[in-house]
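Visitor: In my numbering, the protein residues as written are 681 to 963. Idealized CB from N, CA, C, for every residue including glycine. If you're wondering where the values come from, they're calculated on a predicted model, not measured in any experiment.
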Ligand code: HH2
């Protein structure tokens with residue numbers, strides 16, 4: 681099976697139940713507001729809602745297990761059955777509780793939770809990060825960013841498949857221990873990761889550029905970079921680029937416009953298939 685459903689790439693909506701996330705921090709800390717936002721994303725066409733209780737922005741303060749559970753579990757319970765749910769966590773206890781509350785995908789920025797996914801019989805996203813959120817943007821450095829990140833992801837993919845995880849997604853981790861140049865180099869070579877992931881038996885590549893800091897420079901009227909809420913155009917442009925390169929899923933804050941864009945990418949891909957032929961697709 682491939683990552684493509686409904687004839688288009690999947691759109692994962694971001695729902696941060698946190699006071700300090702870089703874009704939507706503080707907006708959905710209360711359970712009811714978070715659930716309302718989740719349902720709005722479902723109405724906008726989100727294929728998955730990714731619920732997170734700990735910010736991973738550069739320099740973010742780590743959250744205790746109990747607090748993270750208190751934030752995410754009630755929201756997952758309320759949204760269960762309405763949409764496919766993923767949990768954005770690096771903690772085993774939170775991952776297991778999230779699955780019990782209805783999540784079927786572990787979105788794991790630490791790249792370590794595949795044994796939990798295997799034991800729970802759910803999917804797993806392996807994301808690459810250099811360092812930790814506390815220090816990752818201090819001095820990101822690589823000899824060959826594309827080669828190093830892709831090799832690491834493919835190695836994790838094979839390990840997870842061998843451990844029995846059936847649905848494995850890989851993610852270059854845009855902005856996680858990466859400069860703007862690193863991010864752009866990874867996006868430029870995304871098609872290579874898409875192909876290698878499909879060849880290795882992965883479900884697909886997930887890309888998360890939405891509202892990230894490196895996009896603030898694009899479209900800014902002066903020297904001052906645009907703020908997170910002003911990065912829609914650049915977020916959409918990079919999401920379309922990623923989907924056109926074969927990403928099977930994009931993780932976004934702005935669900936409605938991204939769903940439209942995903943539909944168009946899906947149609948363009950369909951139109952590219954010779955009548956009676958097959959894309960032999962990498963997604
Ligand atoms: N980015 C963020 C969080 N989780 N997961 C994956 N797989 N890929 C990403 O690119 C990714 C992610 C950061 O964005 P956000 O959740 O909006 O912010 P914060 O970490 O401050 O809560």
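Within the continuous alpha helix (DSSP H) that includes residue 721, where are the two ends?
Guide: Segment 711-723, the alpha helix (DSSP H) holding residue 721.
Visitor: Once the 5 residues before and after residue 735 are set aside, which same chain residues still bring their CB inside 6 Å of it?
Guide: These residues qualify, in order along the chain: 698, 700 and 701.
Visitor: Count the other C-beta atoms from every protein chain shown that fall within 10 angstroms of the C-beta of residue 821, then say buried if there are 16 or more, exposed otherwise.
Guide: Residue 821 is exposed by the Cβ-count criterion.
Visitor: Is it true that the region 792-810 meets the region 769-781, where meeting means three or more beta-carbon pairs spaced less than 8 Å apart?
Guide: Result yes; three or more Cβ-Cβ pairs closer than 8 Å.
Visitor: Counting C-beta neighbours from all protein chains within 10 Å, is the total for residue 851 16 or more, i.e. buried, or is it exposed?
Guide: Buried is the call here.
Visitor: Is it right to say residue 823 is buried, meaning 16 or more other beta carbons lie within 10 angstroms of its own, or is it exposed?
Guide: That one is exposed.
Visitor: Nearest by alpha-carbon distance to residue 836: which of 825, 871, 826 and 849 is it?
Guide: Among 825, 871, 826 and 849, the Cα nearest to that of residue 836 belongs to 849.
Visitor: Counting only the same chain and skipping the five closest in sequence on each side, list residues whose C-beta sits under 8 Å from that of residue 745.
Guide: Excluding positions up to five away in sequence, the list reads 771, 773 and 774.
Visitor: Which runs of the beta strand (DSSP E), 3 residues or longer, sit entirely within the region 763-821?
Guide: Fully enclosed beta strand (DSSP E) runs of 3 or longer: 764-768, 785-788 and 803-807.
Visitor: Around the Cβ of residue 800, are there at least 16 other Cβ atoms within 10 angstroms (buried) or fewer (exposed)?
Guide: So residue 800 counts as buried.
Visitor: DSSP three-state call for residue 906: helix, strand or coil?
Guide: In the structure shown, residue 906 sits in coil (DSSP, three-state: anything other than H, G, I, E or B).
Visitor: Please name the residue in 725, 693 and 797 whose C-alpha comes closest to that of residue 732.
Guide: Nearest of 725, 693 and 797 to residue 732, Cα basis: 693.
Visitor: Using a Cβ-based criterion (distance less than 6 Å to any ligand heavy atom), does residue 694 qualify as near ligand 1?
Guide: Yes - ligand 1 has a heavy atom lying nearer than 6 Å to the Cβ of residue 694.
Visitor: Less than 7 Å between the C-beta atoms of residue 943 and residue 737, yes or no?
Guide: Cβ distance not < 7 Å, so residue 943 and residue 737 don't count as in contact.
Visitor: Can you tell me whether DSSP reads residue 761 as helix, strand or coil?
Guide: In this structure, residue 761 counts as coil in the three-state DSSP scheme.
Visitor: Can you give me the C-alpha to C-alpha distance between residue 749 and residue 706, rounded to a whole angstrom?
Guide: Cα-Cα distance, rounded: 17 Å.
Visitor: So, are the CB atoms of residue 785 and residue 830 less than 7 Å apart?
Guide: Result no, Cβ atoms of residue 785 and residue 830 do not sit closer than 7 Å.
Visitor: Would you say the beta carbon of residue 718 comes nearer than 6 Å to a heavy atom of ligand 1?
Guide: No; taking the cut-off as 6 Å, the Cβ of residue 718 has no heavy atom of ligand 1 nearer than that.
Visitor: Under the three-state reduction of DSSP, which class applies to residue 737: helix, strand or coil?
Guide: Reduced to three states, the DSSP call for residue 737 is coil.
Visitor: Indicate whether at least one CB of chain B lies closer than 7 Å to the CB of residue 894.
Guide: Chain labels in this structure do not include chain B; a single protein chain is all it has.
Visitor: Straight-line CA distance for residue 798 to residue 840?
Guide: Using only the alpha carbons, I get a separation of about 8 Å.
Visitor: Just curious, the beta strand (DSSP E) that residue 895 is in, first and last residue?
Guide: Looking at the DSSP string, residue 895 is not in any beta strand (DSSP E), and its letter there is neither H nor E.
Visitor: Can you check which of these residues, 717, 955 and 803, is closest to residue 843 by C-alpha distance?
Guide: The candidate whose alpha carbon is nearest that of residue 843 is 803.
Visitor: Do residue 753 and residue 711 have their beta-carbon atoms positioned less than 7 Å apart in this structure?
Guide: No, Cβ-Cβ distance for residue 711 and residue 753 is not below 7 Å.
Visitor: What is the C-beta distance between residue 886 and residue 931, in whole angstroms, given that I count them as a contact (C-beta under 8 Å)?
Guide: Sure, about 6 Å apart at Cβ, within 8 Å.
Visitor: Using DSSP's beta-bridge definition, name the partner residues of residue 932.
Guide: Answer by DSSP bridge pairing, in chain order: 693.
Visitor: Just to confirm my understanding: we take residue 722, look at its own chain, exclude 5 residues before and 5 after, and list those with CB closer than 6 Å. What are they?
Guide: Closer than 6 Å at Cβ, skipping near neighbours: 762 and 763.
Visitor: Applying the criterion that 16 or more other CB atoms from any shown protein chain within 10 Å of the CB defines a buried residue, is residue 827 buried or exposed?
Guide: Per the 10 Å Cβ criterion, exposed.
Visitor: Would you tell me roughly how many angstroms separate the C-alpha atoms of residue 814 and residue 937, rounded to the nearest one?
Guide: So the two alpha carbons sit approximately 32 Å from each other.
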